[in-house]
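As structure tokens, the structure follows; a few thoughts come after it.
Number of protein chains: 2
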Amino acid sequence: MPANSLDPVLVQLRGDRTRGASELARWCVQKLGEQAAEAGATSTRGLYAELIGLAEQLGRARPSMRAIRSLADRWIAGLPDPDTMELERYRREASTHAERLIRSSELATSQAAEQAADLIGPGRTVITHSLSSTVLACLTLLGRDVRVIVTASDPPGEGRVLAKRLSEAGIEVDFISDQQMALFVSRADVALVGADAVASDGSVVNKAGTRLLALAARDEGVPFYVCFESLKRGPFAPTDVEIEIHDSDELGLPPLHHVTAHNVYFDVTTPELIDAWISEDGVLTRP
Amino acid sequence: MPANSLDPVLVQLRGDRTRGASELARWCVQKLGEQAAEAGATSTRGLYAELIGLAEQLGRARPSMRAIRSLADRWIAGLPDPDTMELERYRREASTHAERLIRSSELATSQAAEQAADLIGPGRTVITHSLSSTVLACLTLLGRDVRVIVTASDPPGEGRVLAKRLSEAGIEVDFISDQQMALFVSRADVALVGADAVASDGSVVNKAGTRLLALAARDEGVPFYVCFESLKRGPFAPTDVEIEIHDSDELGLPPLHHVTAHNVYFDVTTPELIDAWISEDGVLTRP
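Chains D and C supply the protein sequences, listed in that same order.
Using our numbering, read the first sequence as starting at 699 and increasing by one per residue.
Using our numbering, read the second sequence as starting at 699 and increasing by one per residue.
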């Protein structure tokens, strides 16, 4: 199999601006499982080496989204020893391994969402930023018992996707521009966001603007919660997480002399701004 | 003259999304001066009554932009007594009165800009939000001795107009989405914004997002300055300023069941977040 057989997957992964880290991590493992079944290797050792190489490529492709690297690492760690079985059986085992990892991540996400829904309770107004599948799952559990303030999250505006999904679930939504965060946070009972990575000190890497929401929430005395599958929590410092910078064309500014447009995609919300870290393992509150 | 002769002016005034309050206030007085010269009144008293009625309409058209009402009030207060002169002379006097008010506002704006430029000094990086003619004048005075971080201010994105004007003045600009405020404020030495209204307690009504910038600036220890012509300062409480709400179509969200889009156009930055109030009268720092 040529080394570039995952190139279209890498391009899609790097360009994806709407799916969160958990969804993308599971999608990567699904692609790895498909490669295990279909790659043109002629020996078990050859297939093993290819799968590891591909997993490493995928794990590095979105450096701010630690869930992808963590799930790719778990994929590598859980691959069977290539010396113990013949090629066709290896393909099947590796595919099954991928499916198990995906199911486990799905379960962790839905358990984290349940924990968040339990903590928030019915009848509340929740403000969120960006689009997190864990937050969406939590809000869907709360259903008609929740009202949600959704920020546009421009660029690229994935808040519009969230508004549409909540609308389809029959949930009441107030949709605002990012500029209006400080105006609307006081109407919320709680701020809830997902995470792309959670550092060992509790700092949360998430879509740019998350820290602004946390500052506005603190200013208004609105509790700020983060929910995530524990896969995103790592033994790393916040400064170890490479912050992705994307194409500045997304800002819609024509080229101008002396003007540099920036599209830093993630920011870091430090632990003093966070009131609860919610994962499938439970709720951790700030000491 | 029919009462609706200023209707196109009112429509343009209500729909203007790029000019700041000072520029719009002067533009209104210019239109009043033109009406004084051209209105179809047949008596001095008739003209006087028309001009007052029109000024009151313009003064109420953009309730968050107190400069407009203040300048319209000054226009009314400074009109000559209609019983003291015949119609043609009254037309000339009223036009001259308009020109004087406009020059006086321009002078106040440029003096406020000079005060701000003196306070900031050369070699600094300034972060701003929205488009203020006073801030633009200050930055133009600093010229190549300043670097400016400009937020998009979406919607409608008047930061793009500011970036273009600064570019034309040869000033170095970093252009960011509103989401990136917390990421970039730490690169600034000072945050500087204009104002649409300044309440008697020092609260500043300005484009939505200004309070977010102030919160981010405080969090990073970056001083937050407001500059404005004193015309905008009023004997009113912040709650007396009606906050304009504009068409939510500007948010670019298609209609969705259960979803309400909001476009609250201004927010209030309370005095504890402000380090200096700069007008043509000088610099007031927080006690």
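Glycine is no exception: its CB is placed at the ideal position from the N, C-alpha and C atoms.
1) What are the residues of the segment 870-900 of chain D that lie near chain C, defined by any Cβ-Cβ distance shorter than 7 angstroms?
2) Please state the DSSP three-state secondary structure of C:S762.
3) Run the CB neighbour count on D:G943, radius 10 Å, all protein chains shown included, and call it buried at 16 or more, exposed below.
4) Quick one, which of D:D938, D:P952, D:L829, D:V707 has its alpha-carbon nearest C:R858's?
5) Should the segment 760-778 of chain D be called in touch with the segment 920-933 of chain D, which here means at least 3 C-beta pairs below 8 angstroms?
6) Check each residue of the segment 710-726 of chain D: if its Cβ is closer than 7 angstroms to any Cβ of chain C, include it; give the result in chain order.
7) So what does DSSP say about C:M699, is it helix, strand or coil?
8) So which residues of chain C does D:H944 contact, with C-beta pairs closer than 9 angstroms?
9) Select from D:S828, D:H955, D:Q878 the residue whose C-alpha is nearest the C-alpha of C:A959.
10) Relative to the C-alpha of D:G757, which candidate in D:V939, D:A886, D:R798, D:L890 has its C-alpha closest?
11) Could you spell out the range, first to last residue, of the alpha helix (DSSP H) harbouring D:F882?
12) With distances taken Cα to Cα, identify the nearest neighbour of D:S946 among D:H955, D:H956, D:Y963.
13) Taking only beta-carbon atoms, is D:S802 less than 8 angstroms away from chain C?
14) Report, in whole angstroms, the separation of the C-beta atoms of D:T908 and D:S831, which I expect to be a contact under 8 angstroms.
15) For the segment 954-979 of chain D, which residues have a CB atom closer than 8 angstroms to at least one CB atom of chain C, in sequence order?
16) Report the neighbours of D:A914 on chain C: residues whose CB is nearer than 9 angstroms to its CB, in chain order.
17) Expressed to the nearest angstrom, what Euclidean distance is found between the alpha-carbon atoms of C:Y788 and D:E856?
18) In whole angstroms, what is the alpha-carbon distance linking C:G950 and D:D876?
19) Could you give the distance in angstroms between the alpha-carbon of C:A806 and the alpha-carbon of C:L982?
20) Taking the beta carbon of D:G868 as the centre, do at least 16 other beta carbons fall within 10 Å, making it buried, or is it exposed?
21) Are the CB atoms of D:T826 and D:V902 nearer to each other than 8 angstroms?
22) Chain D beta carbons: is any one of them nearer than 8 angstroms to that of C:L982?
23) Would D:G868 pass as an interface residue toward chain C - the criterion being a Cβ-Cβ separation below 8 angstroms?
24) For D:G821, collect the residues of the same chain with a Cβ closer than 7 angstroms to its Cβ; drop the 5 residues on either side in sequence, then sort them by chain order.
25) Does the structure place the segment 717-732 of chain D close enough to the segment 798-814 of chain D that three or more beta carbon pairs sit under 8 angstroms?
26) In the structure shown, what three-state DSSP assignment does D:R717 receive?
27) Between which two residues does the beta strand (DSSP E) holding C:D917 run?
28) Starting from the C-beta of C:T823, find all residues in its chain whose C-beta is less than 7 angstroms away, skip the five residues before and the five after it, and write them out in chain order.
29) Any beta carbon of chain C sitting closer than 8 angstroms to that of D:G777?
30) Go ahead and pull the three-state DSSP assignment for C:I941.
31) Output, in chain order, the set of chain D residues within a Cβ distance shorter than 7 angstroms of C:R858.
32) Within the present structure, is the beta-carbon of D:R758 separated from the nearest heavy atom of the ligand FAD by less than 7 angstroms?
33) Is C:L881 closer than 8 angstroms to D:P906 when the C-beta atoms are compared?
34) Thinking just about the alpha-carbon of each residue, which of D:I800, D:A759, D:S898 is nearest to the one in D:V709?
35) Quick one, which of C:H955, C:R863, C:W975 has its alpha-carbon nearest C:G897's?
36) Kindly list, in the order they appear in chain C, the residues whose Cβ is closer than 7 angstroms to that of D:D938.
The structure says:
1) Those would be E870, V871, D872, F873, I874, S875, D876, Q877, Q878, M879, A880, L881, in chain order.
2) It is coil, neither helix nor strand.
3) Residue identity check: residue 943 of chain D is Ile in the sequence provided, not Gly. It is exposed - the Cβ of D:I943 has fewer than 16 other Cβ atoms within 10 Å.
4) D:P952
5) yes
6) none
7) For C:M699, the predicted structure reports a pLDDT of 40, less than 50, and the residue's modelled location is therefore unreliable. The matter cannot be settled from this model.
8) Chain C residues near D:H944: none, gap ~11 angstroms exceeds 9 angstroms.
9) D:Q878
10) D:V939
11) 879-882
12) D:Y963
13) Chain C contact via Cβ: absent.
14) Not confirmed; about 16 angstroms, so no contact.
15) L954, H955, H956, V957, T958, A959, H960, N961, V962, D965
16) R909, L910, L913
17) 59 angstroms
18) 13 angstroms
19) 16 angstroms
20) exposed
21) Taking 8 angstroms as the Cβ cut-off, D:T826 and D:V902 do not qualify as a contacting pair.
22) So no, C:L982 is outside the interface.
23) With 8 angstroms as the cut-off, D:G868 counts as an interface residue toward chain C.
24) D843
25) Contact between the segment 798-814 of chain D and the segment 717-732 of chain D is present: three or more C-beta pairs spanning the two stretches fall below 8 angstroms.
26) coil
27) If you look at C:D917, you'll find it isn't in any beta strand (DSSP E); it sits in the alpha helix (DSSP H) that goes 908-918.
28) R845, I847, R885, A886, D887
29) Before going further, note that residue 777 of chain D is Leu rather than Gly in the sequence given. Among the residues facing chain C, D:L777 is not included, as its CB has no counterpart in that chain under 8 angstroms away.
30) coil
31) L951
32) This structure lacks the ligand FAD, and indeed carries no ligand of any kind.
33) For the record, residue 906 of chain D in the displayed sequence is Ala; it is not Pro. Going by C-beta atoms, D:A906 is nearer than 8 angstroms to C:L881.
34) D:A759
35) The sequence given here has Ala at residue 897 of chain C, not Gly. Ranking the options by Cα distance to C:A897, first place goes to C:W975.
36) Simply none; closest approach about 18 angstroms.
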